[in-house]
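Under the numbering used here, the residues of the sequence shown are numbered 2 to 522, in order. Where a beta carbon is used, it is the ideal one built from N, C-alpha and C, also for glycine. Down below is the structure, laid out as structure tokens.
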Amino acid sequence: MIKKGYRFILFSLRFCLIPRFKGLTRNLLFTYSKATLLKHFSISLKLVNKPIRLMRNTLDLHLFFKKTTIILVGLLLLPVTCANALIAATAKAIEGNAPQVANIDLAASKHGFTVGGVFYSEASSNLKGNGVNLFDGNLKPSSFSVKNFYYDSLDNKLNYADKDGDGIDTYKPFLLSFTSSKWYDANGKALTNISQRLACDNAYTLPLTLEITAQLKTYSKYGIPKESDYVPVTKRYQISHKPTVCYAQPNLANDSSNNTEYQDLDGPDWGKGKGFIPQDINTAAKNFPSTGSDNLRFYLLLSGITPQEVVNINGSTIKSSSGDVTLLLSAENTPGWGNSTSVSGVKIVLKGPTTSTAPKSFSPVTFQLYSDKAKQNKLYSFTIQRWYITPSADLVSNQNGAISYCRGIGYRLPSVADYTNANTSMWSGGIPGRNINGYRRQLSYRGTNGKWIGGLFNEWGTMFNQPIHYPGTNWATRHPIDWYWTIDTYQGNPLRIDAGDGDMWYDDPSYSSHQIACVSP
Numbered sequence: 002m003i004k005k006g007y008r009f010i011l012f013s014l015r016f017c018l019i020p021r022f023k024g025l026t027r028n029l030l031f032t033y034s035k036a037t038l039l040k041h042f043s044i045s046l047k048l049v050n051k052p053i054r055l056m057r058n059t060l061d062l063h064l065f066f067k068k069t070t071i072i073l074v075g076l077l078l079l080p081v082t083c084a085n086a087l088i089a090a091t092a093k094a095i096e097g098n099a100p101q102v103a104n105i106d107l108a109a110s111k112h113g114f115t116v117g118g119v120f121y122s123e124a125s126s127n128l129k130g131n132g133v134n135l136f137d138g139n140l141k142p143s144s145f146s147v148k149n150f151y152y153d154s155l156d157n158k159l160n161y162a163d164k165d166g167d168g169i170d171t172y173k174p175f176l177l178s179f180t181s182s183k184w185y186d187a188n189g190k191a192l193t194n195i196s197q198r199l200a201c202d203n204a205y206t207l208p209l210t211l212e213i214t215a216q217l218k219t220y221s222k223y224g225i226p227k228e229s230d231y232v233p234v235t236k237r238y239q240i241s242h243k244p245t246v247c248y249a250q251p252n253l254a255n256d257s258s259n260n261t262e263y264q265d266l267d268g269p270d271w272g273k274g275k276g277f278i279p280q281d282i283n284t285a286a287k288n289f290p291s292t293g294s295d296n297l298r299f300y301l302l303l304s305g306i307t308p309q310e311v312v313n314i315n316g317s318t319i320k321s322s323s324g325d326v327t328l329l330l331s332a333e334n335t336p337g338w339g340n341s342t343s344v345s346g347v348k349i350v351l352k353g354p355t356t357s358t359a360p361k362s363f364s365p366v367t368f369q370l371y372s373d374k375a376k377q378n379k380l381y382s383f384t385i386q387r388w389y390i391t392p393s394a395d396l397v398s399n400q401n402g403a404i405s406y407c408r409g410i411g412y413r414l415p416s417v418a419d420y421t422n423a424n425t426s427m428w429s430g431g432i433p434g435r436n437i438n439g440y441r442r443q444l445s446y447r448g449t450n451g452k453w454i455g456g457l458f459n460e461w462g463t464m465f466n467q468p469i470h471y472p473g474t475n476w477a478t479r480h481p482i483d484w485y486w487t488i489d490t491y492q493g494n495p496l497r498i499d500a501g502d503g504d505m506w507y508d509d510p511s512y513s514s515h516q517i518a519c520v521s522p
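Here it is as structure tokens:
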């Protein structure tokens with residue numbers, strides 16, 4: 002564009018000014034005296050029949066050329082009808098059309114986010130640009146990590162246009178602003194709190210809309226103007242949840258909704274008065290329970306699917322691949338443990354090794370539940386990594402007797418860490434930094450040394466064989482006959498754990514009135 006303009010100016014000057022210069026040179030005369038060089042100098046100029054005369058008595062050669070240059074340049078500025086008119090019309094470079102950002106929708110389709118290590122966008126073909134996208138209901142809006150929009154999301158050919166045919170500036174093709182995002186509910190109201198789960202918490206009107214925006218401009222290699230205005234590159238995705246397990250609920254009798262005397266009862270994966278919050282349905286080891294015993298029961302509280310639908314899809318009986326543990330499923334209301342309200346759920350009863358049926362060892366077993374008949378959509382999963390057997394509440398012994406009994410059935414006497422995640426002056430293998438003699442309701446996990454932190458009691462709560470706790474089991478019926486031996490000692494004295502709240506104490510090795518339980522592996 003600008004090159005054409007300059008050519009036009011030069012063309013005009015060529016035909017209008019050059020004839021004037023010819024006349025100028027014809028009338029430029031130099032006279033000087035032979036005796037003194039340039040002592041007397043006379044210039045006579047004639048331009049359009051109007052003489053111009055310059056006189057100098059004394060002028061050296063350097064000054065002559067200097068002044069002459071000034072005069073010649075000045076002459077170019079004198080009014081000349083043709084040239085003056087053309088220069089006035091073309092002194093400013095000719096302006097064309099600004100370049101444009103093209104195919105904005107295509108660029109916007111590359112907006113996306115990462116969830117669970119997977120990047121989602123319309124351009125990646127794993128997200129719908131129009132329609133509702135379903136995710137795990139335990140995710141929060143804050144779980145969606147929006148990706149910044151970068152130059153590699155743009156194409157120099159597809160996302161650039163120029164009506165004048167100027168090419169894109171390959172050194173600086175685009176300029177992007179910071180990528181921003183905003184959440185809105187189904188009514189178009191902006192969310193101020195994005196820390197609630199999509200399902201279960203009843204915090205949002207679904208579906209939600211995630212709006213992602215970046216401001217973009219482009220540059221041409223030549224031309225005036227050579228840059229476009231900023232244009233918004235915006236994408237909106239609708240987000241809702243799949244059928245979801247909101248809570249896995251064991252006995253609630255000992256959490257902060259019922260026990261106000263103990264501190265720090267609710268762990269990070271525990272919902273007060275609700276139960277365990279699923280952490281990752283695709284990673285079974287992260288979900289409750291990781292421990293088990295015959296006839297223990299818990300309930301799955303659901304959203305987006307009914308308990309009976311889950312039973313119909315998965316069946317009323319689910320056996321592990323090894324056959325060691327079986328799940329019995331039914332659609333029933335929760336018992337209203339503690340101060341909780343009875344609600345509908347999927348009741349799951351564990352059936353597994355007992356004193357009479359125990360194999361010589363136990364191997365971890367994983368279970369998966371689905372929300373569809375094709376068993377493509379996972380609803381919940383968990384892995385039982387330790388299995389516990391207790392002979393009877395009537396069988397008591399000293400520590401040595403308990404050790405012998407467990408060895409006899411191929412199991413071992415539990416450590417403190419197989420029962421509780423508490424810490425005291427007698428034991429420091431619980432949750433690091435938590436010096437409370439009583440468990441925290443939290444899923445058990447392995448510490449940095451590979452040893453378990455927590456076990457049966459912190460996961461399942463009060464373990465009494467009572468209708469309001471775990472009826473039909475062999476665990477103790479009440480306190481204070483609910484102390485269970487461990488293999489660990491304090492100053493030579495064996496430690497015992499309370500099945501009610503997971504606290505500990507020690508006794509003389511000869512004391513013979515505590516309960517026996519065994520664990521494998």
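At a cut-off of 4 residues, not a single continuous stretch assigned as alpha helix (DSSP H) sits fully inside the region 223 to 289. It is roughly 15 Å from the alpha-carbon of Gly434 to the alpha-carbon of Gln443. As DSSP reads the structure, Cys519 sits in a beta bridge with Ile390. In this structure, Lys273 and Ser257 form a Cβ contact; the two beta carbons are roughly 5 Å apart against a cut-off of 8 Å. Closest option to Pro336, judged by alpha-carbon separation, among Leu330, Val344, Leu329: Val344. Three or more beta-carbon pairs separated by less than 8 Å are not found between the region 304 to 320 and the region 403 to 419, which leaves the two stretches without contact. Cβ-Cβ distances below 8 Å link Thr355 to Asp295, Ile390, Asn475 in the same chain, with the five nearest sequence neighbours on each side left out; the list follows chain order. Inter-residue distance for Val234 and Lys164 is about 21 Å (C-alpha atoms, whole angstroms). Contact between Leu217 and Val232 is confirmed by a C-beta separation of about 6 Å, below the 8 Å threshold. Of the residues Gly451, Asn438, Glu460, Asn436, the one whose Cα lies closest to the Cα of Ser445 is Glu460. Distances from the alpha-carbon of Lys129 to those of Phe179, Ala359, Ser229, Tyr238 put Tyr238 closest. With the rule of 3 Cβ pairs closer than 8 Å, the region 274 to 291 counts as touching the region 360 to 380. Here the region 125 to 139 does not lie against the region 151 to 166, with fewer than 3 beta-carbon pairs under 8 Å apart.
The three-state secondary structure of Pro142, taken from DSSP, is helix.
In the DSSP assignment, Asn134 falls within the beta strand (DSSP E) that extends over 133 to 136. Annotation: Ser181 to Asn149 spans about 8 Å, alpha carbon to alpha carbon. By the neighbour-count definition (other C-beta atoms within 10 Å, threshold 16), Ala403 is a buried residue. Here Phe179 is exposed, its C-beta having fewer than 16 other C-beta atoms within 10 Å. Using a Cβ distance threshold of 7 Å, Asp186 and Lys222 do not count as a contacting pair. Non-local C-beta neighbours of Thr384 in its own chain, meaning closer than 6 Å and more than five positions away in sequence, comprise Ala285, Ala286, Pro365, Thr367, ordered along the chain. Taking 7 Å as the cut-off, the Cβ atoms of Tyr507 and Tyr491 count as close. Trp461: member of the alpha helix (DSSP H) spanning 457 to 461, first to last residue.
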